[in-house]
Each structure stands twice: as structure tokens, then as C-alpha cells.
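For the protein sequence lines, the chains are A and B, in the order given. Sequential numbering of the first sequence, starting at 1, is according to our numbering. Sequential numbering of the second sequence, starting at 1001, is according to our numbering. In what follows, a single structure is set out as C-alpha cells and then discussed.
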Amino acid sequence: MTTVRAVGWLVVLAGLLVLPLVLPSFLVVVMTEIAIVGLFATAFNLLMGFGGMVSFGHAAYFALGAYAAALLVKQAAWPMVLGLAVAPFAAAAGALFFGFFIVRLTHTYFAMLSLAFAQIVFTVVFKWKALTGGDDGILNVWPPEALKSPRAYCYFTFAVAGLAILALHAIVDSPFGMALRAIRENPRRARFIGVNVRRHQLFAFVLSGFFSGLAGGLFAFFNGSVFPDFAYLNKSFEPLVVALLGGIQSFFGPLAGALGFKILETVIARQWPVYWPLFLGTAVVVVVIALPQGFVGLLQRRAWRTPTAR
Amino acid sequence: MDLLTSLFPWITNGPLIVVQVMSGLSVAMFLFLVSVGMSLIFGVTRIVNLAHGSFYMVGAYLLVTLVETLPQHPLMFWVALGLAPIGVGLLGGVIEVTLLRRIYHREPLLQLTLTFGLILVIGTAVLLVWGPDNKSVARPDALAGSVRIFGQPFPSYYLVVLALAPAVAVALWIIFYRTRWGMLIRAATVDREMLGALGVDVATLYTQVFVFGSWLAGFAGALSAPTVAVALGMDGDVLTTAFVVVVIGGLGSFAGSFISALLVGELQSFGILVFPAVSIVLLFAIMAVVLIVRPWGLLGRPEE
């Protein structure tokens, strides 16, 4: 079993290295976006799948990362890599501040307060024209020459997002990750065995915000511009849909979801952009009603138990 | 006092303050109608209907279409105002019967996600039916102008809104506290299982409540249509504000929604005078404080 797994991973890795070389550049761009969305959704799923906390405002941290990177590069003329390096910390700072309040609540109230905070971030970004450019966003946020080609930026994104996802995987498998799952299953029992529930939840929230901010930073340079929409409802919805499509019970579910989601988006949104939200909304309704395990969950019902069984 | 007057020059302007209070009250009226429906639906079905703002938007668009298609007559506005919310109520009924009914027993996460998905579906449907351009609808002729209150102009249409506010609140109070149906609703918010065990057809009650809540949202949307630009972004704006109202007042609390709507309405009205750019942030800050001190809201009940 382990050798099969190892071979599987080698094939995936080789594919990731070779594909950007052979694919046409528009597909390379799609692959880059898949990696970014996959990171965002995986970071989100640290909360939802492993912590049992549903944030409806994760766009806030994505946007904080994107704006931090864009502002540092544009206004302070920092090199791109430094700007990108600060992005997750800016998002984590925001997540720490908002999360402090959000983790005090449970379920519905948790989701609502996270949504409200994201709405605040959106409003501030939208209204603070002097700093953020308001509706016009910040334009021409490009990486340096060396990373400017789609292929180069794709490899760069793979490297950064890949490391981040490995880090998230390590977090999920760490004692901290186990405690987080215990809290998800039964918060009261977790407290009785000495787990500081609120502190663990806050830490998970900050970590999730951190990696969401990194995804935001990567996206800023990928997109070449940042807009207030990055903090809007639809963006908060994205990781949720992606994770749900892929299956929230497995660590790699959101990545698979990102792949499926972006392929669908590439096919449908290019052809009929107006119908895309309709399709997306319908897909969500269908998944919720008919396939709560997600499409990946449907294919491999038992696979998600592997990490817990070890 | 000198500092105060220099910071807020309007503070000695009594008439302006009166008008500002009144416009805050009319904002509160819309907020109350939307949030009491949202709160009611939550109280009974335990679902936070994120598509509630979308129902409001559909109500406003339906009014625009009805006013355009109905024959020209001074009274037709009121006919349209009566019909548009019924359309929204029907829409809510269809959604409840076909979708929500299947997920009452599931985790709150999936319920929230489903209604979130409905925002997208309804939003696109509205875009496809009514197009991307903003719509506007004229106020009925008799109410097109404004009256002077202590010398300050005040739109007459808002006077109707202000008169309707207490009427609707009293009607809702009578429904909730003086009818058998209202009693069942209140019973359902306390213990749904027990109500079902006592032989009440809970499934039908859920549908009725959802239709009624949607109707309220549609009514608020239709009533607001002549006062705003009817646009695609309405759903999100209304949702977030209604949501703040409901959270401050307490999910599932009728009186809470009323008090909180007044508070938020006045805050918005005066917030614009005091901190023009950040009034919405102020709103969310207050909500955050309430959530931290009393997560279940001013008049709500703690979560089990």
C-alpha cells in the first residue's frame, strides 16, 4: 500500500513538473490558479474539515494578504518576494484580531460573525480610496521579469503553494491537529481532558488566515491587480464550494475540488459568464442535498479515515 | 458645549435632528420588516436564511415590473405593493418545499451553505430576468413631493412608511400573541420536538412560517423600491444590515428585532452625520460588542 502511494505521489509530482512545459500557456495559467485556489481551500478546510468551524468570511484574509502584498510593492516599492512574504503575516494579524472574537461563538453565530467581519474589511477597502484605490483597485502589481512569464510564475506558485500545503499537512497530523479534531468531535470532552479549546480554535483560525493570506498574495501577482471584490461574499464562498465539492473530510479533498472547480469554471465561465454563478449556486444546492461528502467523498468513502487510523 | 457644537454643528439645529430621527425611523421600519422575517424563520426552523436579502431584492424588482405592466391608475401602486410580496411568498414556499425541507435534520453548516447557494441562484435569475441596469419606480403621485417639518423638507412617502411601521408591528404582535397560529410559532421556537409530539403538523407550520417570513422580506423590498435605486447588489447590502439587526436583537426574538431595528436605523441616520465614511463599520463594531458580551443578542435565548 505504501509503495503504491509513493508511486502515486511521484507520478503527481512528475506531472506537476512536466505539465507546465508541455501545456499551452492558457492552460498553464489555469493550473497556476488551481494551485492558488487549492491552497486557499486547503487553508479554509483546516477550520471547516478539521476544526468543525465554518467561516463565511475567509475572503477577508485572502484580501488582507493580497492588499498587503500589492500595497507594499506599489506604494513602498518593496521587492515582490518581500511583499509576498509579508502577505500571510498581515492576514494572520487580521485573523488574530477578528478570530479573538469569532472563536468565542459556535456554529451559526461563528459563521455570522466571520461574515460580518469580512463585510467590514470589504467596506474599509472599498471606501478608503486614498490607500486602496477603492473600486478601481490597485493595478499593475506584476512580479519581476524573471517570474513574469506564465510558465515561470506557475512553477513559482507550485513551489510556494506546495510548501504551504505540506506545512498544512504537517499541522493537521501534529498533536495540535489531533487536538483540533478532538474539539470538532466533542468540545466538552476535549476540555475535560485538558485541551484549551478556545486557544486551539484561535490558533487554528490564525493559521488558516495565514495561509489564506499567502494565497491572496500569490493571487495578487498572478492577477496583476487587486480589487475590493477579493473581500466580498462571492470570494468567501469560493473555498467553501471548492472544499464541499472535493469533500471536507479529507485533507486533499479541497485540492481535488479546486481542480474540478477551475476546470468547470474554465469551460463554463468562458462560454457563458452570466450563467456561471447560477451554475455554481445550483451545484452547491445539489451537493448539499444529494452529496454531502463531496464528489471525492463519493468516490472514496473510506479514504479519509487513513490519517486518523494511523 | 463649544467643542461639541464645533465638532457637530447640527447639534443645536433642533428641526434637523427631528427630521434625522424620523428618517432613522423609516430606515428602522424596513430593517424591522426584513429582520423580523429572518428572525422568525430562524426561531422556528433553526435555519439562518442567508437568501433573505435576495427575497427583499425580488420584492423590489417585482414591484417595478408590476407598476410598469399594470394599467396606469393612481391606485395601481398600492395594488402592486400588495401583489409583489405575495409573489415573493410563493417563491419562498417553493424553496421551502423543494429544498429546505430536506435539510432540517442536517448540520447548520450545510443549511447555511444551501441558503448561501440560493443567493447566487436568485441573484443570477434576477440578472437574467431584469437585466444588469438599475431600475427605478416613481412614488405614487400623491406622495411624490415632500412636506415641511419645522421648516425642514421631509419626503411624504416616508410618512406613509412611518405610519405603516407601528401598524405592522402591532399586527405582528397580535398574530404572535393573540392567535393560535402565533402560539404554535412561539411554541415551535421553544421546543419543536415537543410540539410535534403533541400532534401539531410541524412540517406544514415550517412551510407557513417560511412563506410568511419571505412575504415580509418581499413587502419590505417592494415598499423600499420607490426610495432607492433597485439594483443587483441590494441582496448583499440588505442581508448584512438585517443580519446585524437580528444578531443585536437576538435570533428568534420578535421584540429584539424591533428594538434593534430602531437602534440600527437611528445609528445609520446619525452615523452619516457624525462619521460619514465609517457608519457601517460602527454598526458592525456594535454588533461585535453585543456578540462578545451577549452572543445570543439583547433579547434572544442562549444556544444550547
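Ideal Cβ positions, reconstructed from N, Cα and C, are used throughout, including at glycine. What you are looking at is a predicted structure, and each value in this text was computed from that prediction instead of being measured.
Would residue i pass as an interface residue toward chain B - the criterion being a Cβ-Cβ separation below 8 Å?
| i | result |
| --- | --- |
| A:A256 | no |
| A:L245 | no |
| A:A90 | no |
| A:M112 | yes |
| A:A130 | no |
| A:Q119 | yes |
| A:Y275 | yes |
| A:H107 | yes |
| A:L147 | no |
| A:F56 | yes |
| A:L233 | yes |
| A:A6 | no |
| A:R104 | yes |
What does DSSP give as the partner residues of residue i in its beta bridges?
| i | result |
| --- | --- |
| B:K1135 | B:V1230 |
| A:I138 | A:V226 |
From the DSSP output, in three-state form, read off residue i for me.
| i | result |
| --- | --- |
| A:F251 | coil |
| B:Q1152 | strand |
| B:V1147 | strand |
| B:M1076 | helix |
| B:N1013 | coil |
| A:G281 | helix |
| B:E1068 | helix |
| A:A76 | coil |
| B:A1051 | coil |
| B:T1179 | coil |
| A:N234 | helix |
| A:H107 | helix |
| A:N45 | helix |
| A:F102 | With the sequence shown as reference, residue 102 of chain A is identified as Ile, and Phe is not the correct amino acid for it. Helix, per DSSP. |
| A:F329 | The structure shown does not extend to residue 329 of chain A, since chain A is modelled only from 1 to 310, so the question has no answer here. |
| B:R1102 | helix |
| B:L1081 | helix |
| B:W1296 | coil |
| B:W1130 | helix |
| A:R151 | helix |
For residue i versus residue j, is the C-beta distance shorter than 8 Å?
| i | j | result |
| --- | --- | --- |
| B:G1213 | B:M1038 | yes |
| A:R104 | A:R198 | yes |
| A:A92 | A:V206 | yes |
| A:G224 | A:L64 | no |
| B:T1124 | A:P277 | yes |
| A:F227 | A:G137 | yes |
| A:A164 | A:F211 | yes |
| A:R254 | A:G246 | In the sequence as displayed, the identity of residue 254 of chain A is Pro instead of Arg. Result yes, Cβ atoms of A:P254 and A:G246 sit closer than 8 Å. |
| A:V241 | A:V284 | yes |
| A:F62 | A:F230 | yes |
| A:I318 | A:K262 | Residue 318 of chain A cannot be examined here, being either before or after the span of chain A that is shown, 1 to 310. |
| A:F158 | A:L147 | no |
| B:A1309 | B:L1262 | No answer is possible for residue 1309 of chain B: it lies beyond the span of chain B, which begins at 1001 and ends at 1304. |
| B:L1100 | B:V1209 | no |
| B:L1216 | B:V1048 | no |
| B:V1245 | B:S1269 | no |
| A:A116 | A:A60 | no |
| A:A41 | A:A220 | no |
| A:T123 | B:V1281 | yes |
| A:V7 | A:P150 | no |
How about residue i: is its C-beta nearer than 8 Å to some C-beta of chain A?
| i | result |
| --- | --- |
| B:A1288 | yes |
| B:Y1206 | no |
| B:L1263 | no |
| B:V1036 | no |
| B:G1213 | no |
| B:I1041 | no |
| B:G1151 | no |
Who are the Cβ neighbours of residue i in its own chain at under 7 Å, not counting the five residues just before and after it?
| i | result |
| --- | --- |
| A:A309 | Interpretation of A:A309 is limited by its pLDDT of 36, a score under 50 that renders its predicted location unreliable; no figure is taken from the coordinates. |
| B:I1119 | L1050, A1051, S1054, D1235 |
| B:I1103 | L1110, Q1111, L1114 |
| B:A1187 | L1195 |
Leaving out the 5 sequence neighbours to the left and right, which residues in its chain are closer than 6 Å to residue i when beta-carbon positions are compared?
| i | result |
| --- | --- |
| B:G1131 | none |
| A:P144 | M80 |
| A:G38 | L255, A258 |
| B:V1147 | F1154, S1156 |
| A:T132 | V125 |
I'd like to confirm something about residue i: is its beta-carbon nearer than 7 Å to some heavy atom of the ligand FAD, or not?
| i | result |
| --- | --- |
| A:G52 | You won't find the ligand FAD in this model; it holds no ligand whatsoever. |
Who are the near neighbours of residue i in its chain, counting only those whose CB is closer than 8 Å to its CB and skipping five residues on each side?
| i | result |
| --- | --- |
| B:F1258 | F1032, V1036, A1169, G1249 |
| B:L1127 | L1232 |
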